[in-house]
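Protein chains in written order, with my numbering: chain A, 1 to 148; chain B, 1001 to 1135.
Note that beta-carbon positions come from the ideal geometry of N, C-alpha and C, so glycine has one too.
Take a look at the structure below.
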């Protein structure tokens, strides 16, 4: 992820990501023709939906929770994404409850939609053992926001 | 829309949620959590399916508010636990759930756990009627 921009008033967020072709993850997917796995696109979309859901819950609902991907609905992988690729991601809150926030997400390459889905982020209360993970994620998120 | 039609449509959505075959009967008296083996994620999935299929909104706390009715908030629940009056209201709303399933202490967030398929059909019919009235 390179940058992220969250607008809780408008219930949406956007982000940009660059995926190199030479990452070891893609060595077998596929040799000589690296293709971005759909599961990684979903993960990137969840990394956008999570902070959006958390900030929405905090500022609009008044609760501080940690967003975890709980459900993927109606995912469509519309075109193959060959690497390297610049991805444009967007997420919009479709429904918000105190325990779960549903987002409509979309990924595009050069303006063409390559993936769409609904992600349900489960809003869980954090405990002490999550502190390190949350701090690391928050530092990462701050860098992405600074870059937007 | 008649209650019977709604039941047939809800039954299809329940089967889709649990990936059950069409031959699997879904009966009004079946309890989601006790009889059908629903998890809270299954219930959330069904909720989304109901909203999409019937074009209705079922916001968080719907069963709570239906059960509370005109009873004052403080009389219905204290610290998110149903009072005796609140418990009676819930049992009246969910009249087809066996009474012995309702514990003495019912937390407000657990109300969907006591629903039968029939109760959800009634809820959908209620929402459809609301929509008709507002049009």
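Q: Report yes if the C-beta distance between residue 78 of chain A and residue 14 of chain A is below 8 angstroms; otherwise report no.
A: In this structure, residue 78 of chain A keeps its C-beta atom at 8 angstroms or more from the C-beta atom of residue 14 of chain A.
Q) What residues match up with residue 104 of chain A in a beta bridge as DSSP calls it? A) Answer is A/92 and A/118.
Q.
I need the DSSP call for residue 1078 of chain B, collapsed to helix, strand or coil.
A. Note: residue 1078 of chain B maps to strand in three-state DSSP.
Q: Buried or exposed for residue 130 of chain A, please, with buried defined as at least 16 other CB atoms from any protein chain shown within 10 angstroms of its CB.
A: Residue 130 of chain A should be labelled exposed.
Q. Mapping DSSP to helix, strand and coil, what is residue 17 of chain A?
A. Assigned with DSSP and collapsed to three states, residue 17 of chain A falls in strand.
**Q.** Beta-carbon contacts of residue 122 of chain A that lie in its chain and below 6 angstroms, excluding the five residues immediately before and after
**A.** 68, 70 and 100.
Q: Can you pull the chain A residues whose beta carbon is under 9 angstroms from the beta carbon of residue 1048 of chain B, in chain order?
A: For residue 1048 of chain B, the C-beta contacts it makes with chain A under 9 angstroms involve 71, 73, 95, 102, 118 and 120, in order along the chain.
Q) If you draw a straight line from the C-alpha of residue 96 of chain A to the C-alpha of residue 35 of chain A, how long is it? A) A direct Cα-to-Cα measurement between residue 96 of chain A and residue 35 of chain A gives close to 34 angstroms.
**Q.** Identity of the residue in A/8, A/1, A/115 and A/19 nearest residue 83 of chain A by Cα
**A.** Selected option, being the one with the closest Cα: A/19.
Q: Would you check if the distance between the CB atom of residue 1109 of chain B and the CB atom of residue 1074 of chain B is smaller than 8 angstroms?
A: Not in contact: residue 1109 of chain B and residue 1074 of chain B (Cβ atoms no closer than 8 angstroms).
(Q) Comparing C-alpha positions only, which one of B/1069, B/1106, B/1063 and B/1009 sits nearest to residue 1084 of chain B? (A) When each option's Cα is compared against that of residue 1084 of chain B, the closest is B/1106.
Q) residue 91 of chain A and residue 49 of chain A look like a contact to me (Cβ under 8 angstroms); what is the Cβ gap, rounded to whole Å? A) Cβ atoms of residue 91 of chain A and residue 49 of chain A come within 8 angstroms of each other, at about 5 angstroms.
Q | Inside the segment 34-80 of chain A only - beta strand (DSSP E) runs reaching at least 3 residues | A | Within the segment 34-80 of chain A, the complete beta strand (DSSP E) segments of 3 residues or longer fall at 66-77, listed in chain order.
Q) Is the segment 106-113 of chain A touching the segment 1024-1038 of chain B in the sense that three or more CB pairs, one from each, lie closer than 8 angstroms? A) With the rule of 3 Cβ pairs closer than 8 angstroms, the segment 1024-1038 of chain B does not count as touching the segment 106-113 of chain A.
Q: Answer yes or no: does any C-beta atom of chain A fall closer than 8 angstroms to that of residue 1001 of chain B?
A: Residue placement at residue 1001 of chain B cannot be trusted, given a pLDDT of 48 that sits under 50; what the coordinates show is reported in the next sentence. Interface residue (Cβ-Cβ distance to chain A less than 8 angstroms): residue 1001 of chain B is not classified as such.
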